[in-house]
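In our numbering, the protein residues as written are 4 to 159.
The C-beta atom is built at its ideal place from N, Cα and C for all residues, glycine as well.
A quick note: this is a predicted structure, and the numbers were derived from the prediction, not measured.
Take a look at the structure below.
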Ligand SMILES: [Zn+2]
Ligand SMILES: [Zn+2]
């Protein structure tokens, strides 16, 4: 029988939703492989994720909360809530924006950071929008243990 809807599934790609702050990103990189972690600035006791942000004529450092689902980001920049900000790598300058991918909640462009083992984390570039998604590939059997932080450490 034809005409049935087959869900499009990709066995190599797993998207997960996890409890707020249960996971901490420890090895975020730009697309050129620069490590974005900043040991000098900690949020909640963890090294923050350092990115360069630009909003109109305003630009400077932004430190993102590395705890997934937590949003205690730090920055001296004065950026009004609701503004769309451009993120780039503070080391090599490459843009972190994802081409032609937009936030499900507010349609702003997404930014992406690479994680070890082909994982990635995407977030919305609109200040105050908390939509984000963690994508981890090649997890295999580990997926059943996603909520246990210790099992995810090697992937973050
Ligand atoms: Zn870089
Ligand atoms: Zn958004």
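The criterion of a C-beta distance shorter than 7 Å is satisfied by residue 114 and residue 126. Secondary structure at residue 79: coil, using DSSP grouped into helix, strand and coil.
Shortest gap from the CB of residue 86 to any heavy atom of ligand 2: 6 Å or more. Listed by position in the chain, the residues whose beta carbon lies within less than 6 Å of some heavy atom of ligand 2 are 106, 108, 109, 111, 127, 129, 132, 134.
The alpha-carbon separation between residue 58 and residue 43 amounts to approximately 24 Å. Of all residues, those with a beta-carbon under 6 Å from at least one heavy atom of ligand 1 are 33, 35, 37, 92, 94, 95, 97, reported in chain order.
For the pair of segments examined, the stretch 26 to 46 was found not to touch the stretch 79 to 89: the number of CB pairs separated by less than 8 Å stays below three. In the three-state scheme derived from DSSP, where H, G and I count as helix and E and B as strand, residue 118 is classed as strand. For the set 76, 136, 102, the Cα lying nearest the Cα of residue 45 is the one of 76. The three-state secondary structure of residue 57, taken from DSSP, is strand.
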